[in-house]
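A.B. asks: Sharing a structure below in structure tokens format, with a few things to ask.
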Amino acid sequence: MPRAGRKVFVRTFGCQMNVYDSERMTEALQADGYSETSAIEDADLVILNTCHIREKAAEKVYSDLGRIRVLKEERAAAGSDTVVAVVGCVAQAEGAEISRRAPVVDLVVGPQSYHRLPQLIRRSRAEGRSLVETDFPEEEKFAHLPARAPTRNVTAFLTVQEGCDKFCTFCVVPYTRGMEYSRSVADIEREARSLVDAGVRELTLLGQNVNGYHGDGPGGRTYSLADLVRHLARIDGLERLRYTTSHPRGMSDDLIAAHGDEPKLMPYLHLPFQAGSDRILAAMNRKHTAQEYINLVARIRAAQPDLALSTDVIVGFPGETDAEFEETLAVFDEIGFAAAFSFKYSARPGTPAEKLDGQVPEAVKTERLARLQARIEKHQWDFAARCVGRTLPVLFERPGRHPGQLIGRSPFLQGVHAEAPQELLGRIVPVEISSFGTNSLAGVIRPE
Ligand code: SAH
Ligand code: SF4
Ligand code: F3S
0 MPRAGRKVFV RTFGCQMNVY DSERMTEALQ ADGYSETSAI EDADLVILNT
50 CHIREKAAEK VYSDLGRIRV LKEERAAAGS DTVVAVVGCV AQAEGAEISR
100 RAPVVDLVVG PQSYHRLPQL IRRSRAEGRS LVETDFPEEE KFAHLPARAP
150 TRNVTAFLTV QEGCDKFCTF CVVPYTRGME YSRSVADIER EARSLVDAGV
200 RELTLLGQNV NGYHGDGPGG RTYSLADLVR HLARIDGLER LRYTTSHPRG
250 MSDDLIAAHG DEPKLMPYLH LPFQAGSDRI LAAMNRKHTA QEYINLVARI
300 RAAQPDLALS TDVIVGFPGE TDAEFEETLA VFDEIGFAAA FSFKYSARPG
350 TPAEKLDGQV PEAVKTERLA RLQARIEKHQ WDFAARCVGR TLPVLFERPG
400 RHPGQLIGRS PFLQGVHAEA PQELLGRIVP VEISSFGTNS LAGVIRPE
């Protein structure tokens, strides 16, 4: 029975896959009678969709739960009850430990089980106790979620692959998300078409190792990510495709070729390299050397010279020396990334690296991160500066801060502001770039 009038508040931590999961969870709850609220104090159901990747991300959940406990007590005093659910990767990693440490929590649900949320909420209320659901269920979650709800967004995420069995020694993902799994082409196409029918013009295909995609395709053939991209590119009305995150080992020849000849595939690639020292890369179990990464980038750039590359890097992996850190900086200068995400190594429970000798002191990590970030900013600045004077196709996504302004994205994923009428929302328009800041470009619309 749908319970009309109930409200759900969702807070999302972590990666784009969690953003996607939160959308799907909210849609499943809407189908069960909930409406979404951005005011946590009005919510009958509070969901924290959590991330376990670094200690800080995981600890944020507990500080939030402290505040939610007070809120739940205040609401109880006023006669309303509140269900509190912790879902996502911390839920998967810590399970029942969460409700032991924070008794305010009614439900702990892993990333593979959130399609069961409506039924779990009912059970927890009926039984008056907290429930933990972290088994990897037999049934496929995607088959049990309602169809995509209408959206007014121009861009959307679409998870095509989940899990990871690469087991980098620092990383919790294989434990929180399970083994690699690819959705079928038919299932993905159905979802893509419904998003495009709703007005979406750009899709970002998501997976922890998206370029390892190998899904069942038409005619019983296994499709690679390149096959999937070419297949989806045939959908009328879909103008742009992106994908993230990729592992260097998964950059197959057909995917590289697609960057050269599939016009809907945007010239932006997020390709984490993690460290510049071969000794550290081996200790991380990345299975490539710095030179192999550099050679790979050269091959991708040969197919698509006008490409924005972004990456992830970790500083202070156990045993990393000053000289090895310098090698990371050297890769930066050699490649010239358009953007990068950098992290201090964080020891994660249950991962092999946690037990390694030579954990790097916090102060050293802080200093290395600051040096790396200065280098990242310099390259980001250089890349943005090279865009000035160019006319780039911009997909307008939303109104800007000032009246008469719209904000869109360049092919390189940079935000672009321009004076533009509302009718251009959802359209791709040539914009001559006139200036830039650290995070965005500004320009003037040019006639087509
Ligand atoms: N599947 C992706 C990344 C997933 S996690 C890949 O293989 O590249 C996103 C980023 O978080 C990683 O690329 C890594 O740079 C960072 N990360 C993962 N575990 C970490 C840890 N224990 N400490 C610090 N950063 C970490
Ligand atoms: Fe983690 Fe490595 Fe898998 Fe990426 S490839 S999700 S870093 S184990
Ligand atoms: Fe975090 Fe889980 Fe994503 S650990 S980065 S939310 S896959």
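Just so you know, numbering that gives the first Met the number 0 puts 29 at position 30 of the sequence shown, and the rest follows in order with no gaps. Beta carbons are placed, not taken as given, at the ideal position from N, Cα and C, and that holds for glycine. Remember, it's a predicted structure, so these values are computed and weren't measured experimentally.
Relative to the C-alpha of Val103, which residue among Ala75, Ala30, Leu412, Leu119 is closest?
C.D. replies: For the residues Ala75, Ala30, Leu412, Leu119, the minimum Cα distance to Val103 belongs to Ala75.
A.B. asks: Under the rule that 16 or more other beta-carbon atoms within 10 Å means buried, what is Val82, buried or exposed?
C.D. replies: Label assigned to Val82: buried.
A.B. asks: Which residues does DSSP list as the beta-bridge partners of Val85?
C.D. replies: Its beta-bridge partners are Leu47, Val107.
A.B. asks: To the nearest angstrom, how far is it from the Cα of Ser79 to the Cα of Val45?
C.D. replies: For Ser79 and Val45, the distance between alpha carbons rounds to 13 Å.
A.B. asks: Hey, could you find the ends of the beta strand (DSSP E) Thr203 is sitting in?
C.D. replies: Here the beta strand (DSSP E) through Thr203 covers 201-205.
A.B. asks: Do you know whose CA, among Asp252, Gly211, Arg229, lies nearest Thr243's CA?
C.D. replies: Checked all of Asp252, Gly211, Arg229; the closest Cα to Thr243 is Gly211.
A.B. asks: Expressed to the nearest angstrom, what Euclidean distance is found between the alpha-carbon atoms of Arg10 and Asn48?
C.D. replies: Taking the straight line from one Cα to the other gives about 6 Å.
A.B. asks: Cβ of Ala329 within 8 Å of Cβ of Ile375?
C.D. replies: No, Cβ-Cβ distance for Ala329 and Ile375 is not below 8 Å.
A.B. asks: Quick one: grab the DSSP three-state call for Ser276.
C.D. replies: Coil, per DSSP.
A.B. asks: Is Val199 closer than 8 Å to Asn152 when the C-beta atoms are compared?
C.D. replies: Yes, the Cβ-Cβ distance between Asn152 and Val199 is below 8 Å.
A.B. asks: Give me, in chain order, the residues of the same chain whose beta-carbon lies closer than 8 Å to that of Thr133; leave out the 5 immediate sequence neighbours on both sides.
C.D. replies: Counting only Cβ-Cβ distances below 8 Å, and skipping sequence neighbours, we find Ala90, Gln91, Gly94, Val107, Val108, Gly109, Ser112.
A.B. asks: Can you give me the Cβ contacts of Pro368 inside the same chain, cut-off strictly under 7 Å, excluding the 5 residues immediately before and after it?
C.D. replies: The sequence shown places Leu at residue 368, not Pro. The residues are Val314, Ser341, Lys343.
A.B. asks: Distance check for Val430 and Glu447, CA to CA, integer angstroms please.
C.D. replies: C-alpha separation (whole angstroms): 10 Å.
A.B. asks: Judging by CA-CA distance, which residue of His114, Val171, Leu157 is the nearest neighbour of Pro145?
C.D. replies: Closest option to Pro145, Cα to Cα, is His114.
A.B. asks: Based on the DSSP output, what are the partners of Glu72 in its beta bridges?
C.D. replies: Glu72 is not bridged to any residue.
A.B. asks: Between the beta-carbon of Val393 and the beta-carbon of Ile427, is there less than 8 Å?
C.D. replies: For Val393 and Ile427, yes; Cβs fall inside 8 Å.
A.B. asks: Go through the residues and name those whose CB comes closer than 6 Å to any heavy atom of the ligand SF4, in chain order.
C.D. replies: That query returns the following residues: Cys163, Lys165, Phe166, Cys167, Cys170, Val172, Pro173, Gln207, Asn208, His246.
A.B. asks: What residue from Glu139, Ser129, Asp196 has the CA that sits closest to Arg147's CA?
C.D. replies: Closest by alpha carbon: Asp196.
A.B. asks: Is the beta carbon of Met16 within less than 7 Å of some heavy atom of the ligand F3S?
C.D. replies: Because some heavy atom of the ligand F3S lies under 7 Å away, the Cβ of Met16 counts as near it: yes.
A.B. asks: Below 8 Å, can you find three or more Cβ-Cβ pairs linking the region 357-366 to the region 399-412?
C.D. replies: No, the region 357-366 does not touch the region 399-412.
A.B. asks: For a cutoff of 8 Å on Cβ pairs, would you count Pro360 as touching chain B?
C.D. replies: Considering every chain present, this structure includes no chain B. It has just one protein chain.
A.B. asks: If you draw a straight line from the C-alpha of Phe272 to the C-alpha of Thr390, how long is it?
C.D. replies: Rounded to whole angstroms, Phe272 to Thr390 spans 31 Å at the Cα level.
A.B. asks: Could you name each continuous beta strand (DSSP E) segment of 3 residues or more that falls completely within the region 339-418, going from the start of the chain to the end?
C.D. replies: Correct list: 390-398, 404-408, 414-418.
A.B. asks: Excluding the 5 residues flanking Ala56 on each side, which residues of the same chain have their C-beta closer than 7 Å to its C-beta?
C.D. replies: Closer than 7 Å at Cβ, skipping near neighbours: Phe12, Gly13, Cys50.
A.B. asks: Looking at Tyr344 and the ligand SAH, is the gap between the Cβ and the nearest heavy atom below 7 Å?
C.D. replies: Yes, since a heavy atom of the ligand SAH falls inside the 7 Å radius drawn around the Cβ of Tyr344.
A.B. asks: In its own chain, which residues sit with a C-beta less than 6 Å from the C-beta of Gly53, not counting the 5 before and 5 after it?
C.D. replies: Just to set this straight, residue 53 is Arg in the shown sequence, not Gly. Same-chain partners within the cutoff: Ser345.
A.B. asks: With burial defined as no fewer than 16 other Cβ atoms inside 10 Å of the residue's Cβ, what is the status of Leu440: buried or exposed?
C.D. replies: It is buried - the Cβ of Leu440 has at least 16 other Cβ atoms within 10 Å.
A.B. asks: Excluding the 5 residues flanking Ala155 on each side, which residues of the same chain have their C-beta closer than 7 Å to its C-beta?
C.D. replies: Hits under 7 Å: Leu194, Val199, Leu202.
A.B. asks: Going by the DSSP bridge assignment, what does His269 pair with across the sheet?
C.D. replies: Looking at the DSSP assignment, His269 forms a beta bridge with Ser309.
A.B. asks: From what residue to what residue does the beta strand (DSSP E) around Glu472 run?
C.D. replies: There is simply no residue 472 to check, as the chain begins at 0 and stops at 447 in what is shown.
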